[in-house]
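Participant: Going by the working numbering, the sequence shown opens with residue 35, and the numbers climb by one from there.
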Amino acid sequence: MPLEPSPLTIQPAAVLFGYPVHATNRAHALALVTEALHRGQRCHVVTLNPEMLMQGDANPPLGAVLRSANVVIPDGAGVVWALKQRLNIMVSRTPGIEVSEALIGYAAQQGFRVGLLGASPDVMSALLDFLTLKYPALQVCFAHHGYFDSPEHEDLVTQQCLATQPQLLLVALGVPKQELWIAENLPKLRGAVAVGVGGSFDVWSGQKKRAPWAFRALHLEWLYRISSEPWRIQRILGTLPAFVWRVITSPTPTEGLQESDPSKEAPASLKENNAEDVAQTLSHP
Ligand code: UDP
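#1: On the DSSP bridge list, what partners appear for residue 53?
#2: Would you say the beta carbon of residue 207 is closer than 7 Å to some non-hydrogen atom of the ligand UDP?
#3: So what does residue 81 bridge to, in DSSP terms?
#4: So is residue 121 buried or exposed if we call it buried at 16+ other beta carbons inside 10 Å?
#5: CA-CA distance, residue 215 and residue 228?
#6: Give every residue of the same chain whose Cβ lies closer than 6 Å to the Cβ of residue 76, excluding the five residues on either side of it in the sequence, and list them in chain order.
#7: Around the Cβ of residue 167, are there at least 16 other Cβ atoms within 10 angstroms (buried) or fewer (exposed)?
#8: Work out the CA separation of residue 265 and residue 242 for me, nearest whole Å.
#9: In the DSSP assignment, find the unbroken beta strand (DSSP E) run with residue 147 in it and report its ends.
#10: Would you say residue 266 lies against chain B (beta-carbon separation less than 8 Å)?
#11: Sorry if obvious, but does the Cβ on residue 233 come closer than 7 Å to a heavy atom of the ligand UDP?
#12: Would you say residue 179 touches the ligand UDP, meaning its beta carbon is less than 7 Å from a heavy atom?
#13: Put residue 197 into one of helix, strand or coil per three-state DSSP.
#14: For the alpha helix (DSSP H) that residue 173 lies in, which residues bound it at each end?
#15: Pull up the DSSP beta-bridge partners for residue 229, would you.
#16: What separation, rounded to the nearest whole angstrom, lies between the Cα atoms of residue 70 and residue 88?
#17: Do residue 204 and residue 134 count as a contact pair if the criterion is CB distance below 8 Å?
#18: If you drop the 5 nearest sequence neighbours on each side, which residues of the same chain put their C-beta closer than 8 Å to that of residue 246?
#19: Check this for me: beta carbons of residue 100 and residue 125, under 8 Å apart or not?
#20: Alpha carbon to alpha carbon, what distance is there between residue 196 and residue 176?
#21: Does DSSP put residue 295 in a helix, in a strand, or in coil?
#22: Have a look at residue 159 and residue 150 and give me their C-alpha separation to the nearest angstrom.
#23: Taking just the CA atoms, how far does residue 223 sit from residue 271?
#24: With the cut-off set at 8 Å, would you say residue 65 and residue 107 are in Cβ contact?
#25: Can you tell me whether residue 102 is buried or exposed? The criterion is at least 16 other CB atoms within 10 Å of its CB, across all chains shown.
#26: Assuming contact is defined by CB atoms lying nearer than 8 Å, are residue 254 and residue 84 in contact in what I supplied?
#27: On the three-state DSSP scale, how would you describe residue 307?
#28: Our contact map puts residue 147 next to residue 201 with C-beta atoms below 8 Å; I'd like the distance itself, whole angstroms only.
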């Protein structure tokens with residue numbers, strides 16, 4: 035079920051193949067999200083990569099959710115490249131895993147309640163150890179792994195999660211499940227920021243490694259993922275070349291820039307908040 039539009043949805047910089055993207059810098063993206071946290075506003079954050087975008091076309095419910103998310107961050111290098119190629123918008127990549135960890139630090143500092151859903155039971159247990167050590171003040175109001183015995187079990191866990199009224203909810207169920215879960219359940223919360231975090235719990239718990247710096251700098255994170263998790267080959271090669279081909283060959287965009295460049299002009303509400311101040315706080319919690 036698509037979310038109700040919120041004032042934050044007004045600010046997508048660009049529309050890429052029909053998907054709004056907040057083509058902005060990391061500080062501004064974080065400011066958008068922390069503003070929602072402070073306002074107690076429902077806010078679905080999507081960290082968009084080419085694979086998701088292509089899946090969105092093949093899977094209409096996912097496509098609808100991606101289009102109605104409140105904040106869409108250009109996570110994948112492919113999205114950053116496509117924004118440049120098609121719309122001449124230059125932004126740097128804002129990795130979802132980094133945004134999510136910054137949000138956890140911020141929640142610990144500001145006392146927001148955090149819910150964690152997803153990953154394997156072992157990963158969840160190691161994740162809680164990691165978070166307790168790194169953020170002793172963090173209030174984890176809900177934590178559960180993402181493997182369910184039955185639909186009834188999943189419903190029960192979902193109800194338990196919602197009952198704790200998390201203010202920041204990180205959902206690691208993989209794409210598209212996490213996006214669909216958030217779209218269905220976020221409206222049942224009074225107000226919360228929910229982020230689909232993919233494999234972030236696996237990385238924070240130490241079970242998986244992020245691509246080394248050199249791969250990230252060369253925008254080859256996808257290659258590292260294929261080499262360390264060969265089962266991804268089919269998934270990545272099934273979407274990435276098609277995405278590249280589409281970016282190169284699709285007619286001159288009619289989608290275009292929608293509004294003024296938000297990296298230069300923050301929404302009025304954010305000007306009050308001072309995006310850079312928030313970002314500073316986030317990077318030095
Ligand atoms: N996962 C889960 N329940 C499921 C399927 C997946 O909790 O039914 C977890 C999985 O253990 C992993 C995360 O979801 O921690 C997905 O990670 P992945 O790197 O595959 O994310 P994606 O590539 O989809 O962003």
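For every residue, glycine included, the Cβ atom is placed at its ideal position computed from N, Cα and C.
Facilitator: With the given structure in hand:
#1: Locating residue 53 in the sequence shown gives position 19, counting from the first residue. Answer by DSSP bridge pairing, in chain order: 50.
#2: Sequence index remark: in the sequence shown, residue 207 carries index 173 (1-based). Yes; taking the cut-off as 7 Å, the Cβ of residue 207 has a heavy atom of the ligand UDP nearer than that.
#3: On the sequence shown, position 47 is the one that residue 81 refers to. In the DSSP output, where bridge partners are listed per residue, residue 81 has 107.
#4: Against the sequence shown, residue 121 aligns to sequence position 87. Looking at its Cβ environment, which holds 16 or more other Cβ atoms inside 10 Å, residue 121 is buried.
#5: Position 181 of the sequence shown, counted from the first residue, corresponds to residue 215. Position 194 of the sequence shown, counted from the first residue, corresponds to residue 228. So the two alpha carbons sit approximately 10 Å from each other.
#6: The residue labelled residue 76 in the question sits at position 42 within the sequence shown. These residues qualify, in order along the chain: 220 and 225.
#7: Residue 167 sits at position 133 when you count from the first residue of the sequence shown. Classification for residue 167: exposed.
#8: Taking the first residue of the sequence shown as position 1, residue 242 is located at position 208. Taking the first residue of the sequence shown as position 1, residue 265 is located at position 231. Between residue 242 and residue 265, the C-alpha separation is close to 15 Å.
#9: If you number the sequence shown from 1, residue 147 lands on position 113. From DSSP, the beta strand (DSSP E) with residue 147 extends over 147-152.
#10: Looking for chain B here will not work: only one protein chain is present.
#11: Position 199 of the sequence shown holds residue 233. Indeed, a heavy atom of the ligand UDP lies less than 7 Å from the Cβ.
#12: For the purposes of this step, residue 179 is identified with residue 145 of the sequence shown, where counting begins at 1. Checking every heavy atom of the ligand UDP against the Cβ of residue 179, one is found closer than 7 Å.
#13: Translated into positions along the sequence shown, residue 197 becomes position 163. If DSSP states are grouped into helix, strand and coil, residue 197 belongs with the helices.
#14: Sequence index remark: in the sequence shown, residue 173 carries index 139 (1-based). Looking at the DSSP string, residue 173 is not in any alpha helix (DSSP H); the run it does join, the beta strand (DSSP E), is 173-178.
#15: Here residue 229 refers to the residue found at position 195 when the sequence shown is read from its first residue. For residue 229, which the question treats as bridged, DSSP gives the partners 79 and 204.
#16: As a position in the sequence shown, residue 70 is number 36, starting the count at 1. As a position in the sequence shown, residue 88 is number 54, starting the count at 1. The straight-line gap from Cα to Cα measures roughly 28 Å.
#17: Stepping through the sequence shown from its first residue, residue 134 is reached at position 100. Stepping through the sequence shown from its first residue, residue 204 is reached at position 170. In this structure, residue 204 lies closer than 8 Å to residue 134 by Cβ.
#18: Position 212 of the sequence shown holds residue 246. Once the five neighbours on either side are set aside, the close Cβ partners of residue 246 are 258.
#19: Here residue 100 is taken as the residue at index 66 of the sequence shown, counted from 1. Here residue 125 is taken as the residue at index 91 of the sequence shown, counted from 1. Not closer than 8 Å, so no.
#20: Here residue 176 refers to the residue found at position 142 when the sequence shown is read from its first residue. Here residue 196 refers to the residue found at position 162 when the sequence shown is read from its first residue. Looking at the two C-alpha atoms, the distance is approximately 9 Å.
#21: Here residue 295 is taken as the residue at index 261 of the sequence shown, counted from 1. With a pLDDT of 37 at residue 295, under the threshold of 50, the predicted position of this residue should be treated as unreliable, though the coordinate-derived value follows. DSSP places residue 295 in coil when its eight states are reduced to three.
#22: If you number the sequence shown from 1, residue 159 lands on position 125. If you number the sequence shown from 1, residue 150 lands on position 116. Roughly 11 Å separates the two Cα atoms.
#23: As a first step, residue 271 is located in the sequence shown; it is residue number 237 there, counting from the start. As a first step, residue 223 is located in the sequence shown; it is residue number 189 there, counting from the start. Between residue 271 and residue 223, the C-alpha separation is close to 37 Å.
#24: Translated into the one-based positions of the sequence shown, residue 65 becomes position 31. Translated into the one-based positions of the sequence shown, residue 107 becomes position 73. No; because the gap between Cβ atoms is not below 8 Å, this pair is not in contact.
#25: Here residue 102 is taken as the residue at index 68 of the sequence shown, counted from 1. With 16 or more other Cβ atoms within 10 Å, it is buried.
#26: The residue given as residue 254 occupies position 220 in the sequence shown. The residue given as residue 84 occupies position 50 in the sequence shown. No.
#27: Against the sequence shown, residue 307 aligns to sequence position 273. Because the pLDDT at residue 307 is just 33, under 50, the model does not fix this residue reliably, and the value given afterwards should be weighed accordingly. Correct three-state label for residue 307: helix.
#28: Numbered from its first residue, the sequence shown carries residue 147 at position 113. Numbered from its first residue, the sequence shown carries residue 201 at position 167. 5 Å between Cβ atoms; contact.
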